[in-house]
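Right, one structure below, let's go through it.
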């Protein structure tokens, strides 16, 4: 699907098929861009739907096409950027073509997660590969079967033989679903991917089988939210978390409280170039949501939540029990300083410290959610290990790297 950077074809408005115009379709930074003379007499900022036919692709339907550039004169020119691009061997005739029960998404992040190597044995003169992966997970609560697969594909030519690992996830629903519902299901899958492996990528294929014609078609869109983040949270290998995947995926699809907390966590995990104090306030919001939904406390406030979950902070952050009261009070003062603008608050965390306090809070919430789901001891231990590595080891290293003699010396004089 969309393997080249440029395609040539014709496009037209659905109601005026006889007025076709030449079009150059390019793929720029994962966005589809159409350059053409096709335009509507009515001035507008976007076209809801444009039909097309392109060499090497077949029929294409472009949905929600924003006009990026418009030039008028002897020749009219428009540059459109569609939000969704449907690629089909035939021209869709009705809305039923956009409902289906089964769809499959190919994502190289699954290849990195499974991490199977393919080697060539020089002595035996043969290729050595690990077994393919095909793990099926059933979510009865919503009538969905999710299958994670990893396999080795090959392509033979006269001069070369190439091998490529492919990772993909297949969704099969008991009921027919829409395109937007399928994207929601796929996005929830990516949330778990970000939670336990800290990455996703722009899919290379997103295919579905039309209910009316039984033909397979493809959809393409720029998955900016889930593929552009610089997340570095937890990295747990597929084999290490495989036994817990049914629990995690059932929770994200059927447990409203768990999903709400994960959505709050994603505000940090999916953010790019976020300030340290914004990350801290996001983490506080996430922790308060977790405490309110899971602690069972009658009175909901940050101080009580911190005391209730003090054991988790002490385990992951290696904080002495006798020091926790002072530590929690400093978190509250910093919260009030940054959220409630209590500028008279002194002895708050520095900008640098806020980053690692935010990390610690996010790890505590993640560990707490895992405890609620009763995941394996191995996954809990991995979460503690990663939390300590970030909060203790990485903080110590970066504190040295970020030291500034001029600034630090000035601060000492001020104190």
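In our numbering, the protein residues as written are 388 to 802. Each residue gets a CB set at the ideal place from its N, CA and C atoms; glycine is no exception. Quick caveat, the model's predicted, so the values are computed rather than measured.
| Asked | Found |
| --- | --- |
| Residue 638 burial status per 10 Å Cβ neighbour count (16 or more: buried) | buried |
| Touching by the beta-carbon criterion (3+ pairs, under 8 Å), the segment 661–679 and the segment 738–756 | yes |
| Beta-carbon proximity list for residue 596, same chain, < 6 Å, skipping 5 on both sides | 487, 489, 603 |
| Three-state secondary structure (DSSP) of residue 505 | strand |
| Neighbourhood of residue 470 by C-beta distance below 7 Å, restricted to the same chain and skipping five residues each side | 450, 451, 608 |
| Meets three-Cβ-pair contact criterion under 8 Å: the segment 683–699 and the segment 633–649 | no |
| Segment contact, 8 Å Cβ cut-off, at least three pairs: the segment 434–444 with the segment 394–401 | yes |
| Those runs of the alpha helix (DSSP H) which lie wholly inside the segment 638–684 and span at least 4 residues | 643–656, 663–681 |
| For residue 751, the first and last residue of its enclosing alpha helix (DSSP H) | 738–760 |
| At least 3 beta-carbon pairs within less than 8 Å: the segment 525–534 vs the segment 500–508 | no |
| Residue 425 beta carbon less than 8 Å from that of residue 389 | no |
| Rounded straight-line distance, which links the Cα of residue 398 to that of residue 669 | 45 Å |
| Spatially closest choice to residue 720 from 519, 741, 447, by CA coordinates | 741 |
| Continuous beta strand (DSSP E) stretch holding residue 559: start and end | 548–565 |
| With 16 other Cβ atoms within 10 Å as the buried cut-off, status of residue 588 | buried |
| Contacting residues, own chain, Cβ-Cβ under 6 Å from residue 711 (five flanking each side not counted) | 697 |
| CB contact flag (residue 649, residue 578, <8 Å) | yes |
| Residue 591 - DSSP class collapsed to helix/strand/coil | coil |
| Contact between the segment 608–622 and the segment 647–664 (3+ Cβ pairs under 8 Å) | yes |
| Anticipated Cβ contact below 8 Å, residue 563 with residue 598, distance rounded | 6 Å |
| Residue 537 classed as buried or exposed, judged by whether at least 16 other C-beta atoms fall within 10 angstroms | buried |
| Span of the beta strand (DSSP E) around residue 434 | 433–441 |
| Local Cβ density within 10 Å of residue 459, reported as buried at 16 or more and exposed below that | exposed |
| Straight-line Cα distance separating residue 667 from residue 861 | In this structure the chain extends from 388 to 802, so residue 861 is not present and cannot be described. |
| Identity of the residue in 533, 558, 758, 552 nearest residue 539 by Cα | 552 |
| Beta carbon of residue 757 nearer than 8 Å to that of residue 747 | no |
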